[in-house]
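Written below as structure tokens is the structure these notes are about.
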Amino acid sequence: MNLGRKTRSLAATIACGASLLAAQAMAEPVQLTTLEWPPYVNADGSGTSTDRVVEILKGAGIEATVRVFPWNRAVNLAAKDPAWLGVYPEYYAETDDADKAGERCLYSNSFGTSPVGFVQRIDAPISWSDHADLTEYSIGVVAGYLNEEHFDTMVANGEIKTEEVASDEANLKKLGAGRIDAAVIDREVMAHLLASMPKLASQLEFNAQPLAEHGLHICFENSEAGRDLRDKFNAAF
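Taking my numbering, the leading residue of the sequence shown gets 23, the next gets one more, and so forth.
This is the structure in structure tokens:
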């Protein structure tokens with residue numbers, strides 16, 4: 023009996039089995055929720071944010087699948103349904119951060135940025151250098167979105183008049199019709215939407231004074247599985 027050959031054969035079998043198990047583990051999908059927010063996320067789930075998130079997770083040996091939902095549902099599923107381990111792209115909020123005072127989720131490192139400010143009418147621009155200046159205007163916001171901490175606090179306290187809508191597109195249309203003075207929006211989102219709305223594009227512009235430059239994050243489920251996935255994502259940068 024050739025023990026050397028038999029040992030090598032056994033080792034090869036074990037290695038092959040281990041490789042198969044590793045491949046199977048890598049192929050197990052992780053599900054994330056998102057919203058339609060082009061160009062970051064398109065209606066089919068593709069987009070610049072999705073590309074980056076999937077790329078980073080792939081580097082960690084994880085296959086991610088994503089599904090688009092209305093924003094508030096995307097957030098709730100990722101927070102409460104164990105089938106969905108995270109939602110993106112999110113702005114950071116300490117009040118939601120389970121590593122600090124919050125409970126909702128565990129934030130990843132930033133994988134991108136979002137330049138946020140005000141879209142305005144070219145023929146009736148707003149002028150502001152301090153948040154107090156914004157109290158003079160009626161400003162459109164999207165329901166469920168974080169905008170900027172100081173701004174959102176003033177809104178919650180009733181110091182800034184806002185009108186909520188379901189989407190950025192709705193805000194652009196309201197602004198074009200003169201029903202609000204300005205709207206909070208991401209600059210890239212505005213440019214993407216106005217590219218297919220030529221009439222509004224000739225009427226609207228981005229205000230030169232920025233409101234915030236946000237990092238984009240995945241908000242992972244506040245659980246052991248969510249923490250493990252968050253840590254793997256962060257380590258894969």
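Built from N, CA and C at the ideal position, the CB exists for glycine as well.
Measure how close the beta-carbons of residue i and residue j come, nearest whole angstrom, since I'm counting them as under 8 angstroms.
| i | j | result |
| --- | --- | --- |
| LEU22 | PHE173 | Past the boundaries of the shown model lies residue 22; the chain is included only from 23 to 259, so the question cannot be answered. |
| GLU243 | LEU107 | 5 angstroms |
| LEU238 | SER136 | 6 angstroms |
| GLY139 | PHE255 | No, GLY139 and PHE255 are not in contact; Cβ-Cβ is about 29 angstroms, not under 8 angstroms. |
| TRP93 | LEU128 | That pair is no contact at about 19 angstroms. |
| GLY69 | PRO61 | 6 angstroms |
| VAL211 | PHE133 | Actually they do not touch by this definition, with Cβ atoms about 17 angstroms apart. |
| ILE261 | LYS195 | With the chain represented from 23 up to 259, any question about residue 261 goes unanswered, as that position is not in the structure. |
Give the single residue among the options whose Cα lies nearest to the Cα of residue i.
| i | options | result |
| --- | --- | --- |
| GLY124 | ALA192, GLU58, ALA223, CYS241 | CYS241 |
| TYR167 | GLU77, ALA217, ASP190 | ASP190 |
| GLY162 | THR72, ALA188, VAL211, ARG209 | ALA188 |
| ARG143 | VAL75, HIS236, ALA199 | ALA199 |
| PHE259 | TYR114, ASN131, GLU50 | ASN131 |
| PRO51 | ALA86, SER149, ILE182 | ALA86 |
| ALA230 | SER160, PHE91, ASP66, SER149 | SER149 |
| GLY180 | ASN64, ALA154, LYS102, ALA213 | ALA154 |
| TYR110 | MET176, PHE91, PRO104 | PHE91 |
| ASP145 | LEU222, TRP59, VAL164, THR175 | LEU222 |
| SER157 | ALA257, PRO147, LEU54, LYS183 | Reading off the sequence shown, one finds Thr at residue 157, where the question assumed Ser. Ranking ALA257, PRO147, LEU54, LYS183 by Cα distance to THR157 puts LYS183 first. |
| SER224 | VAL141, ALA257, VAL177 | VAL141 |
| ALA257 | ASP152, GLY81, VAL63, GLU112 | GLY81 |
| ASP253 | PRO147, SER160, MET176, ILE84 | ILE84 |
| GLN53 | LEU226, ASN193, ALA105 | ALA105 |
Under a Cβ-count criterion, where at least 16 other Cβ atoms within 10 Å of its own Cβ denotes burial, should residue i be classed as buried or exposed?
| i | result |
| --- | --- |
| PRO220 | exposed |
| GLU116 | exposed |
| GLU170 | buried |
| ASP250 | exposed |
| ILE36 | Since pLDDT at ILE36 reaches only 38, below the 50 mark, its modelled position is unreliable, and the value read off the structure follows with that caveat. Exposed, because fewer than 16 other Cβ atoms sit within 10 Å of the Cβ of ILE36. |
| GLY248 | buried |
| ASP121 | exposed |
| ARG89 | exposed |
| GLU77 | exposed |
| ALA101 | buried |
| ASP118 | buried |
| SER71 | buried |
| THR55 | buried |
| GLU235 | exposed |
| GLU186 | exposed |
| CYS38 | Because CYS38 carries a pLDDT of 43, less than 50, the predicted location of this residue cannot be relied on, and the following value inherits that uncertainty. Label assigned to CYS38: exposed. |
Below 6 angstroms, is the gap between the Cβ of residue i and the nearest heavy atom of the ligand ADP?
| i | result |
| --- | --- |
| VAL164 | For the ligand ADP, the structure offers nothing, since it holds no ligand at all. |
Quickly, what does DSSP pair residue i with across the bridge? List them, please.
| i | result |
| --- | --- |
| SER136 | HIS236 |
| LYS183 | SER160 |
| GLY108 | PHE242 |
| THR56 | VAL90 |
| PRO262 | Only positions 23 to 259 of the chain appear in this structure, which leaves residue 262 out of reach. |
| GLN142 | ALA204, GLU227 |
| VAL63 | TRP59 |
| TYR129 | CYS241 |
| ASP250 | Partner(s): none; ASP250 has no beta bridge. |
| ASP119 | CYS127 |
Does any residue of chain B have a CB that is nearer than 7 angstroms to the CB of residue i?
| i | result |
| --- | --- |
| ALA230 | Annotation note: the requested chain B is absent from the structure, which comprises a single protein chain. |
The stretch 203 to 223 touching the stretch 93 to 102, judged by at least three CB pairs closer than 8 angstroms: Proximity of the stretch 203 to 223 to the stretch 93 to 102 falls short of the contact definition, fewer than three beta-carbon pairs being nearer than 8 angstroms.
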